[in-house]
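Numbering (the working numbering), first residue to last: 32 to 407. Data block below; observations after.
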């Protein structure tokens, strides 16, 4: 079996694609995998650095984002780019010869799905947000199957859609006490984990640093500040009383230990991308979600879904001050309230989403009954 996976532009598209690739290897050890990404996207670097990078030959599709804004020149050029990219995708799929194509959306999806349809290659498109964009709605009409993360999203697609959850890193076998010990967290401390992604963390950094003196009196703060935030985080730590400095840990990222950090956390503060929402649910941890305002309405709808289920609180980006950060996190020192939120989050979790999607892809390639249809 040969399967091409694709996702580009942002980590929210790339990491789920990689999670499914890994699950495919587990489900079908002999699968021949290929990754289709962009030329300028940072997916090439992420794929190369991934543990499966050596097993994922990287193929470039030359296409720019199909988004346009206002009267930008991209408005006129995007149709031309799309028209040029479909033949490229046709040629690329002829070269990789997949039995099935999996794409997580993004700017590469439309030309790939159109080319795959023309070649008779079955396609599975994954949509991670509660509110899908117009491009994904259009792609869904041409895809063989559409997988969505949230039940309300089914309304945007036809009968070929099903709920899979979000493919994420595995939390299997992670012991909470061992994870906390490895991260240097005292057993009696409450751990506050703050992260926001490479492009969206600056606002969270300002709030954490502005309220740090009060936060560390209440929490052990594990702050993933990004590369650009480490200088300010280091200065803020030095400004703390020496007796409290050990209660603030700043790191740029925790790529290899992120699953352990989520399991160890008592409260998470972060953005509301699909992967973040899925991971706090799978880990069963209470959260305060701050939707990134420059992602359309997607993150606002994702956050609201978790909040409506009692799993999260939502703070708008323009309302996130240091004072508000301290107030909201202090309110969640209440163990009973936080535990109820964690239980609600856990009830929404679909930790086996990547494997479920992999099994769907294998069935599609084999022409076998689809797990998503037999389960329904």
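We put the CB at the ideal spot given by N, CA and C, even for glycine. Here the structure is a predicted model, which means the values were calculated and not measured.
Per the DSSP secondary-structure output, residue 89 pairs in a beta bridge with 66. No Cβ-Cβ contact shorter than 8 Å links residue 317 with residue 285. In this structure, the alpha-carbon of residue 276 lies about 54 Å from that of residue 124. Between the alpha carbons of residue 212 and residue 162 lies a gap of roughly 39 Å. Secondary structure of residue 319 (DSSP, three-state): strand.
Contact annotation: residue 304 and residue 257 have beta-carbon atoms that are not nearer than 8 Å.
Annotated three-state conformation of residue 157 is strand, per DSSP. Secondary structure in the region 116 to 199: the beta strand (DSSP E) runs of 3 residues or longer, each lying completely within the stretch, are 131 to 134, 154 to 158, 176 to 179 and 192 to 194 in chain order. In the structure shown, residue 357 adopts helical secondary structure according to DSSP, grouped into three states.
In the DSSP assignment, residue 279 is bridged to 252. In this model, residue 120 and residue 146 are separated by some 6 Å (Cα to Cα).
Three or more Cβ pairs closer than 8 Å define a contact, and the region 258 to 268 falls short of that threshold against the region 350 to 369. The closest CA to that of residue 42, considering only 267, 384, 365 and 135, is found on 135. Annotation: residue 380 is outside any alpha helix (DSSP H) and is labelled neither H nor E by DSSP. In the three-state reduction of the DSSP assignment, residue 37 falls in the strand class, which pools E and B.
According to DSSP, residue 326 shares a beta bridge with 328. Beyond the five residues adjoining it in sequence on each side, residue 131 comes within less than 6 Å, by CB distance, of 34, 153, 392, 395 and 396 in the same chain, given in chain order. Distance between residue 49 and residue 272, taken at the CA atoms: about 43 Å. Separation of the CB atoms of residue 86 and residue 69 is rounded to 20 Å, and the pair is thereby denied contact status at 8 Å.
For the pair residue 314 and residue 294, the CB atoms are nearer than the 8 Å cut-off.
Counting along the chain, the unbroken beta strand (DSSP E) around residue 301 starts and ends at 298 to 301.
Taking the C-beta atoms as reference points, residue 357 is found no nearer than 8 Å to residue 321. Secondary structure at residue 342: coil, using DSSP grouped into helix, strand and coil. Among the bridge pairs identified by DSSP, residue 225 is matched with 254 and 300. Secondary structure note for residue 265: its alpha helix (DSSP H) is the uninterrupted segment 261 to 270. The beta carbon of residue 174 is closer than 6 Å to those of 144, 154 and 156 in its chain, skipping five residues each way along the sequence.
For residue 182, the CB contacts under 6 Å within the same chain, skipping 5 residues up- and downstream, are 194 in chain order. A residue is called buried when at least 16 other Cβ atoms come within 10 angstroms of its Cβ; residue 218 does not meet this threshold and is exposed. Counting of Cβ neighbours within 10 angstroms places residue 188 among the buried residues, the total reaching 16 or more. Where residue 45 is concerned, the enclosing alpha helix (DSSP H) starts and stops at 42 to 58.
The closest CA to that of residue 141, considering only 151, 122, 168 and 127, is found on 168. Its Cα nearest to that of residue 300, the residue 236 stands out among 236, 329 and 274.
Using a Cβ distance threshold of 8 Å, residue 382 and residue 202 count as a contacting pair. Contact between the region 55 to 69 and the region 324 to 333 is absent, with fewer than three C-beta pairs closer than 8 Å.
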